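**Q** Just so you know, we're using this note's numbering here: the sequence shown kicks off at 89 and counts up by one.
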Amino acid sequence: MRKRSPLSVLFASLLLVVSQHAAACSLGGRQLTVQLEEGGAELGARNARALAEWFVQWRDGLGIESIIVVAPVVRSHRKLAEERLQNVAQIFDGLNTGKAPISYEVEQRRDGFPDIKYLNSLDVSVQPTCIKAGTCCTTHGAN
């Protein structure tokens, strides 16, 4: 069995404590990508549920400072992107009890943009209230 120096044991312990604290402070899940049917404006039940659950998780968890919903589109399909955004707004409006600002944006791409999967998606991002307050990674109840 190999003996470890006191310094390596101390370093390993410190690394473990720091990594555990960092994992506890993760703000993962701030972005959600919703994949839609090609050429369709409807979200479908699965996507609608995923959006609603994601929204409620943030609203009831760390809180929502703001949200942005982006619909990429080529110029000839702008109306489709706007319809997709309206469908998301119908879901979020009923859940937005705190009246957090929600921005809906169409992201214009050049005609002939090759990534069809990307053009048939929506990107949703949240800015949690804890970021503005600087409280996301505070330890509550610590001495």
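The C-beta atom is built at its ideal place from N, Cα and C for all residues, glycine as well.
From a predicted model like this one, the values you see are computed outputs, not experimental measurements.
1. Could you spell out the range, first to last residue, of the alpha helix (DSSP H) harbouring Leu173?
2. Hey, Val158 and Glu125 are a contact pair by Cβ (cut 8 Å); roughly how many whole angstroms apart?
3. Is the CB-CB distance between Leu210 and Arg163 below 8 Å?
4. If you compare alpha carbons, which of Gly151, Val161 and Gly200 is closest to Ala221?
5. Do you know whose CA, among Arg166, Phe180, Glu153 and Ala188, lies nearest Pro216's CA?
6. Give me the Cα-Cα distance between Leu120 and Arg197, rounded to the nearest whole angstrom.
7. Have a look at Ile155 and Phe201 and give me their C-alpha separation to the nearest angstrom.
8. So within the segment 206 to 230, which uninterrupted beta strand (DSSP E) runs reach at least 3 residues, ignoring any that extend past its ends?
**A** Once the coordinates are examined:
1. Arg166 to Leu183
2. Val158 to Glu125, Cβ: 18 Å. No contact.
3. no
4. Gly151
5. Glu153
6. 20 Å
7. 26 Å
8. 209 to 216
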